[in-house]
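Asker:
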Amino acid sequence: MLAGRVIVVTGGGTGIGRAIALGLEDAHATVTSVDGDFASRADAEAALAGAREATGPLDAVVHAVVDPAALTTEALVETAAADWDRRCEAILRAALHCCQAARRELSGRGGRLVLVTPTIALTGAAGLVPYATAVEGMRAMAKSAARQWGDQGITVNCVAPPVELMAPEHAAAPPGLALTERPLGRDPDARADVAPVVALLIADPGHFVTGATIPVDGGIVMAP
Amino acid sequence: MTGSLADRSILVTGAGRGLGRGVALACAAAGADIVVASPGENGAETVAEIEAHGGSGGWARCDATVAADVEGAVAAAIRRSGHLDAVIHNATSRRSSEPVRLDDVDEALWDEHASVSLRGAYHCAQAALAQLRARRGRFILMTSPAGIEGSAMLPVYATVKGALRGFAKSLAREWAPFGVTVNAVSPLAETPAMTSAYEKDPTLEARLARVVPMGHLGDPETEIGPAIVFLAGDGAGFITGQTLAVDGGRFMTL
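Structural data, given as structure tokens:
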């Protein structure tokens, strides 16, 4: 499905990023994983430029970086200012920097940008106010980028797995995040279940989808 | 004062002008005592307007990006009324209506938006929970159609307004056991910020009118404010985690 496509996955070294990178390779893409916190625009641009130098011009960027600290469950009123920044605003800054760096790489040739935004963006989650705030903001950022860059042939979409999959080790998901209802009857697998939807958005048939969020959670969230 | 919000105490951030002023006037007209939280002297002008209409309120000099200022505004409500029933986080960056390409967003512009909208919401929640809990109160955040469907012109504004919906939904779950509701309101209002956006883009007003089924933007006091009065009042205690669009039908796909 993705033979000849050159893709960068941010956060591709661990957790869901790694699983998505492997899944895209399963679909025969050329994948580079880059890590780091994307705390500055220069970091993000250097990471993507480094990948381009290694594998050639990029066709797509998948932003799957997540600071595991974002998954800390804590009441908002107990959350210290530094933790608010790390779990919310830093996540948004990293996404902004990734979007900016991705556009620079994709400029003039079109391409695809996919952000991983867990379904807590849609549903909200007690104890995870900062991270849910960040990921709902990422969805609005993706829609805005999709509107701004459509005339450059760049699509921007979000793929929404259950938040449990964002933990570095899925089995070690923090308490309180457990699935409650599973219409498809099992836990999702990032490589087998999520990566193919990312691949679909990057492959040719996905070319007219932009600004969308696709939940990939086995039917738990059926929001409009 | 009589009215659906009689004996309520309501704090409105960014109430020195525009939408926040209109919301403050509407809540005051419904009988609430208003803490007009505003970093500038225009807060006193809003209070004068409230009083001219027979309402009551006081100005608290408050920059929502500063935790101590927000704590001070909550303390002002307690000094005035002895309690706090609702917080309306309406403040937004002065650069909200400045069109920008994502490529040109620098750290300073980003922080303008994030500090007022997001850190401001965090400060309001931290400062107000104990008081709101005591009154089974209401926490209301101003989002925007841009936050729901994105915006090519205002991508950072859209991002932080969208983020506030995530904040509202999550905090609604967190505070529901306390009887405190948390909702978002998505207005499309005629405000000084919109007027300034029209000046930068002369075609905007006509284009907007075409995509708003009601054909015009809402008046802050008479068309947007009453929705806030409802959410802050007795009849809305079982509504939480929602986004109430008060936008003339601009967005119907929620």
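If you read the sequences in order, they're chains A and B. Numbering-wise (my numbering), the first sequence opens with residue 1 and increments by one. Numbering-wise (my numbering), the second sequence opens with residue 1 and increments by one. Note that CB positions come from ideal geometry on N, CA and C, so glycine has one too.
Taking A/T123 as the query, report the chain B residues whose CB atoms sit under 8 angstroms from its CB, ordered along the chain.
Answerer: Within 8 angstroms Cβ-Cβ: K169.
Asker: Can you tell me whether DSSP reads B/M142 as helix, strand or coil?
Answerer: In the structure shown, B/M142 sits in a strand (DSSP, three-state: E or B).
Asker: Please check the pair B/G147 and B/L164, which I expect to be a contact at CB under 8 angstroms, by giving their CB distance rounded to whole angstroms.
Answerer: So it is a contact: roughly 7 angstroms between Cβ atoms.
Asker: Is the segment 192 to 210 of chain B touching the segment 236 to 245 of chain B in the sense that three or more CB pairs, one from each, lie closer than 8 angstroms?
Answerer: Taking 8 angstroms as the limit for Cβ pairs, the verdict is that the segment 192 to 210 of chain B does not touch the segment 236 to 245 of chain B.
Asker: Could you give the C-beta distance for A/A75 and B/E174, rounded to a whole number, given that I count them as a contact under 8 angstroms?
Answerer: Right, their Cβ atoms sit about 6 angstroms apart.
Asker: Here's a check: name, in chain order, each residue in its chain whose Cβ is nearer than 6 angstroms to the Cβ of B/T13, leaving out the five neighbours to either side.
Answerer: Correct list, in chain order: A37, A64, H89, N90, A91.
Asker: Where in the segment 10 to 43 of chain A do unbroken runs of the beta strand (DSSP E), each at least 3 residues long, occur, reported from the N-terminal end onward?
Answerer: Whole beta strand (DSSP E) segments, 3+ residues: 30 to 34.
Asker: Note down, in chain order, every chain B residue with its Cβ under 7 angstroms from the Cβ of A/G137.
Answerer: Ordered by position in chain B, the residues that pass the 7 angstroms Cβ test against A/G137 are T159, V160, G162, A163, G166.
Asker: Looking at the structure shown, is B/G218 part of a helix, part of a strand, or coil, going by DSSP?
Answerer: Here B/G218 sits in strand by DSSP.
Asker: Which residues in chain B have a C-beta closer than 9 angstroms to the C-beta of A/R103? List them in chain order.
Answerer: Per Cβ cutoff of 9 angstroms: L102, D103.
Asker: So, helix, strand or coil for B/A86, using DSSP?
Answerer: Strand.
Asker: Please confirm if the segment 96 to 110 of chain B is in contact with the segment 15 to 24 of chain B, defined as three or more CB-CB distances below 8 angstroms between the two stretches.
Answerer: The segment 96 to 110 of chain B, when compared against the segment 15 to 24 of chain B, does not touch it at the 8 angstroms Cβ threshold.
Asker: Would A/D217 pass as a contact of A/T119 if the rule is Cβ separation under 8 angstroms?
Answerer: Yes, the Cβ-Cβ distance between A/D217 and A/T119 is below 8 angstroms.
Asker: Work out the CA separation of A/V31 and B/P237 for me, nearest whole Å.
Answerer: The question names Pro, but residue 237 of chain B in the sequence shown is Gly. Straight-line Cα distance between these residues: approximately 51 angstroms.
Asker: Check the C-beta distance from B/A26 over to B/R8 and give it rounded, since I have them as a contact under 8 angstroms.
Answerer: Incorrect: roughly 13 angstroms between the Cβ atoms, too far for contact.
Asker: Counting only Cβ pairs nearer than 7 angstroms, list the residues of chain B close to A/C88.
Answerer: What A/C88 touches in chain B: L118.
Asker: DSSP three-state call for B/A48: helix, strand or coil?
Answerer: It is helical.
Asker: Which residues in the same chain have their Cβ closer than 6 angstroms to the Cβ of A/A173, if we skip the five residues on either side of it in sequence?
Answerer: Here A/A173 scores only 48 on pLDDT, less than 50, and its place in the model should not be relied on; the value that follows carries that caveat. If we look at A/A173 and ignore the five residues flanking it on each side, its Cβ neighbours are E164, A167.
Asker: For the beta strand (DSSP E) containing A/L2, name the first residue and the last one.
Answerer: Element bounds for A/L2: n/a, residue is neither H nor E.
Asker: With DSSP as the reference, please indicate the residues paired to A/D59 in a beta bridge.
Answerer: Bridge partners of A/D59: none, in fact.
Asker: My parser needs the beta strand (DSSP E) runs of 3 or more residues fully inside the segment 104 to 167 of chain B; what are they?
Answerer: Within the segment 104 to 167 of chain B, the complete beta strand (DSSP E) runs of at least 3 residues are 138 to 142.
Asker: Rounded C-beta distance between A/V135 and A/A146? I'm assuming under 8 angstroms.
Answerer: That belief does not hold up - the Cβ atoms of A/V135 and A/A146 are roughly 16 angstroms apart, past 8 angstroms.
Asker: Please report how far the alpha carbon of A/P175 lies from the alpha carbon of B/R138, in whole angstroms.
Answerer: Low local confidence applies: a pLDDT of 48 at A/P175 is under 50, so the model's placement there is unreliable, and no value is given.
Asker: Is the beta carbon of B/G162 less than 8 angstroms from the beta carbon of B/L5?
Answerer: Contact flag unset, no.
Asker: Buried or exposed, going by whether 16 or more other CB atoms sit within 10 Å of the CB of B/H216?
Answerer: Flag for B/H216 reads exposed.
Asker: Flag this pair as touching only if the segment 87 to 99 of chain A and the segment 137 to 144 of chain A have three or more C-beta atom pairs under 8 angstroms; answer yes or no.
Answerer: Contact between the segment 87 to 99 of chain A and the segment 137 to 144 of chain A is present, because at least three Cβ pairs lie under 8 angstroms.
Asker: For B/I140 and B/Q126, I'd like the C-alpha separation in whole angstroms.
Answerer: Each residue's alpha carbon lies about 14 angstroms from the other.
Asker: Can you list the residues of chain A that B/V155 reaches, using a CB-CB cut of under 7 angstroms?
Answerer: Per the sequence presented here, residue 155 of chain B reads as Pro, with Val not at that position. Near B/P155 (Cβ distances below 7 angstroms), the residues of chain A are M141, S144, A145, Q148.
Asker: Please state if the CB of A/V156 and the CB of A/A142 are separated by a distance shorter than 8 angstroms.
Answerer: Yes, these two residues count as a Cβ contact at 8 angstroms.
Asker: Just how far apart, CA to CA, sit A/C88 and B/G18?
Answerer: Approximately 28 angstroms between the Cα atoms of the pair.
Asker: Go ahead and pull the three-state DSSP assignment for A/T155.
Answerer: It is a strand residue.
Asker: When the Cα atoms are used, what is the spatial distance from B/S196 to B/P220?
Answerer: Their backbone Cα atoms lie some 16 angstroms apart in a straight line.
Asker: Which residues in chain A have a C-beta closer than 9 angstroms to the C-beta of B/R138? List them in chain order.
Answerer: Simply none; closest approach about 16 angstroms.
Asker: Would you say A/V6 and A/V62 are within 8 angstroms of each other, going by their C-beta atoms?
Answerer: For A/V6 and A/V62, no; Cβs fall outside 8 angstroms.
Asker: Starting from A/G111, follow its DSSP beta bridges and name the residues at the other end.
Answerer: Answer is A/I154.
Asker: Could you work out which residue in B/V211, B/L154, B/M252 is closest to B/D104 when comparing CA atoms only?
Answerer: For the residues B/V211, B/L154, B/M252, the minimum Cα distance to B/D104 belongs to B/L154.
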